[in-house]
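**Q**
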Amino acid sequence: MTEQGMVVADWPAPANVHTLVTTRKGGISEAPYASFNVANHVGDTPLAVAGNRDLLREELPSRLSCQWLDQVHSAQVAVIEGAGSVITADGLVTREPDIGCCVLTADCLSVLFTNKEGTEIAVAHGGWRGLLGGILKNTIVALESPSDDLVVWLGPAIGPCHYEVGNKIKQEFLISCSSDDEREIINQSFLASEEEGKLRFDLRKLARQQLQLLGVNEIYGEESCTYCDESNFYSYRRDGVTGRMASIIYFTEVS
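Everything in the sequence shown is counted per my numbering, starting at 1 for the first residue and increasing by one.
#1: Any contact between the stretch 209-216 and the stretch 143-150? By contact I mean 3 or more CB pairs, one from each, below 8 angstroms.
#2: What did DSSP end up calling V123 once you bin it into helix, strand or coil?
#3: Once the 5 residues before and after D44 are set aside, which same chain residues still bring their CB inside 6 angstroms of it?
#4: What's the call for A207, buried or exposed, on a 16-neighbour Cβ count within 10 Å?
#5: Taking the runs of the beta strand (DSSP E) that are 3 residues or longer, which of them lie wholly in the stretch 8-94?
#6: Assign E3 to one of three DSSP states: helix, strand, or coil.
#7: What do you get for S231, buried or exposed, if any count of 16 or more other CB atoms within 10 angstroms of its CB means buried?
#8: Identify which residue in R63, S193, V21 has its Cα closest to the Cα of G252.
#9: Can you tell me whether E3 is buried or exposed, with buried defined as 16 or more other CB within 10 angstroms of its CB?
#10: Assign N167 to one of two classes, buried (16 or more other C-beta atoms within 10 Å of its C-beta) or exposed (fewer than that).
#11: With a Cβ-Cβ cutoff of 8 angstroms, do G91 and A122 count as a contact?
#12: Quick check: what's the CA-CA separation for L55 versus D10?
#13: Could you tell me the distance, in whole angstroms, from the CA atom of R200 to the CA atom of K170?
#14: Run through the DSSP bridge pairs and tell me what L240 is partnered with.
#15: Would you mind stating whether Y236 and A106 have Cβ atoms separated by less than 8 angstroms?
#16: Assign A106 to one of three DSSP states: helix, strand, or coil.
#17: Does the Cβ-Cβ distance between L104 and R238 come in under 8 angstroms?
#18: How far does the beta strand (DSSP E) with F233 in it extend, from its first residue to its last?
#19: In or out: D202 buried (at least 16 other Cβ within 10 Å) or exposed?
#20: Can you tell me the Cα-Cα spacing of H18 and G118, whole angstroms?
#21: DSSP beta-bridge partners for A207?
#22: CA-CA distance, R183 and L132?
#23: Once you ignore the five residues that flank N138 on each side, which residues in its own chain have a CB closer than 7 angstroms to its CB?
#24: Which residues in the same chain as P97 place their Cβ atom closer than 7 angstroms to its Cβ, once the five residues preceding and following it in sequence are excluded?
#25: Could you work out which residue in E58, A89, S224 is closest to Q67 when comparing CA atoms only?
#26: Can you tell me whether E96 is helix, strand or coil according to DSSP?
#27: Going by DSSP, name the residue or residues bridged to E194.
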């Protein structure tokens with residue numbers, strides 16, 4: 001974590017590829033959004049969100065333009081050549097420098113991609129609906145680089161220690177499987193719970209194994225549980241009404 005309270009991906013990405021994940025610290029929002037909420041859709045005051053985004057921009061290069069999403073837990077991925085108005089999608093790909101690809105989370109997994117040359121990047125919003133719908137596969141398809149040329153980093157997310165779901169969700173995943181390998185991934189990602197009719201769901205494990213099945217060999221990640229670490233992260237499961245963190249990836253022109 002940086003001095004400013006930001007999380008930076010620890011991964012062997014090219015030197016011109018940069019990442020930043022905000023925490024809940026250092027902003028101007030008041031409870032229950034205290035204090036660095038950067039999401040407009042959660043009930044925080046527009047003035048506070050704008051002020052927090054201004055603070056975020058101070059941490060980023062002045063030439064950088066950020067692309068924000070209206071996230072709907074879909075598997076839709078947009079390929080962009082420039083940043084503009086909000087796009088309805090849950091993944092972004094760009095092959096242009098100085099564009100910040102952003103997703104908002106408060107328990108869901110942010111998944112950041114780069115190729116080894118640092119010439120294209122992507123970010124995906126990995127909630128259970130997106131992982132079920134194929135958001136990671138769609139992101140890889142939208143990238144021009146082959147899977148074995150990709151490096152991926154998994155951001156902070158809720159851990160299986162606190163993420164319990166109904167048996168029905170596991171069954172939805174199993175129905176979507178087309179191979180024994182896929183079914184084995186699902187069985188490994190849903191763990192027994194003490195609560196009847198519930199399972200503990202390991203989002204990070206599922207994403208990692210889906211990526212490996214898709215041919216991605218280099219996968220790194222942040223192990224922090226957003227639910228457990230209340231001082232640093234927002235958690236929708238923990239708090240209900242709360243803010244959102246931003247995960248941002250961008251690259252600069254190679255000189």
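From the three backbone atoms N, C-alpha and C, an ideal C-beta is built for every residue, glycine too.
**A** From the atom records:
#1: Look at the beta carbons and you see the stretch 209-216 touching the stretch 143-150: at least three pairs across the two are nearer than 8 angstroms.
#2: Here V123 sits in strand by DSSP.
#3: Excluding residues within five positions, the ones whose Cβ falls inside 6 angstroms are S29, Y33, N37.
#4: Flag for A207 reads buried.
#5: Counting whole runs of 3 or more residues, the stretch 8-94 contains the beta strand (DSSP E) stretches 17-21, 65-67, 77-80, 91-94.
#6: Unreliable positioning characterises E3 in this predicted model, as indicated by a pLDDT of 48, which lies under 50. A coordinate reading is not provided.
#7: For S231, the number of other beta carbons within 10 angstroms of its own is below 16, and it is reported as exposed.
#8: Looking at the sequence itself, residue 252 is Thr, so the reference to Gly does not match. Among R63, S193, V21, the Cα nearest to that of T252 belongs to R63.
#9: With a pLDDT of only 48 at E3, under the threshold of 50, the placement of this residue in the model should not be trusted; the figure read from the coordinates follows. E3 counts as exposed, since fewer than 16 other C-beta atoms from the protein chains shown sit within 10 angstroms of its C-beta.
#10: Residue environment: N167 is assigned as exposed (fewer than 16 neighbouring CB atoms within 10 Å of its CB, all protein chains considered).
#11: Yes, these two residues count as a Cβ contact at 8 angstroms.
#12: So the two alpha carbons sit approximately 23 angstroms from each other.
#13: Approximately 10 angstroms, taken between the alpha carbons.
#14: The sequence as given places Gly at residue 240; Leu does not occur at that position. Per DSSP, G240 has no beta bridge partner at all.
#15: In contact: Y236 and A106 (Cβ atoms closer than 8 angstroms).
#16: Reduced to three states, the DSSP call for A106 is coil.
#17: The beta carbons of L104 and R238 sit no closer together than 8 angstroms.
#18: Careful: F233 lies outside any beta strand (DSSP E) and carries neither H nor E.
#19: Buried, by the Cβ-count rule.
#20: Their backbone Cα atoms lie some 10 angstroms apart in a straight line.
#21: According to DSSP, A207 bridges with nothing at all.
#22: Taking the Cα positions, R183 is about 12 angstroms away from L132.
#23: The residues are A75, V77, G91.
#24: If we look at P97 and ignore the five residues flanking it on each side, its Cβ neighbours are F251, T252, E253.
#25: The residue with the shortest Cα to Cα distance from Q67 is A89.
#26: Here E96 sits in coil by DSSP.
#27: Note: E194 sits in no beta bridge, so no partner.
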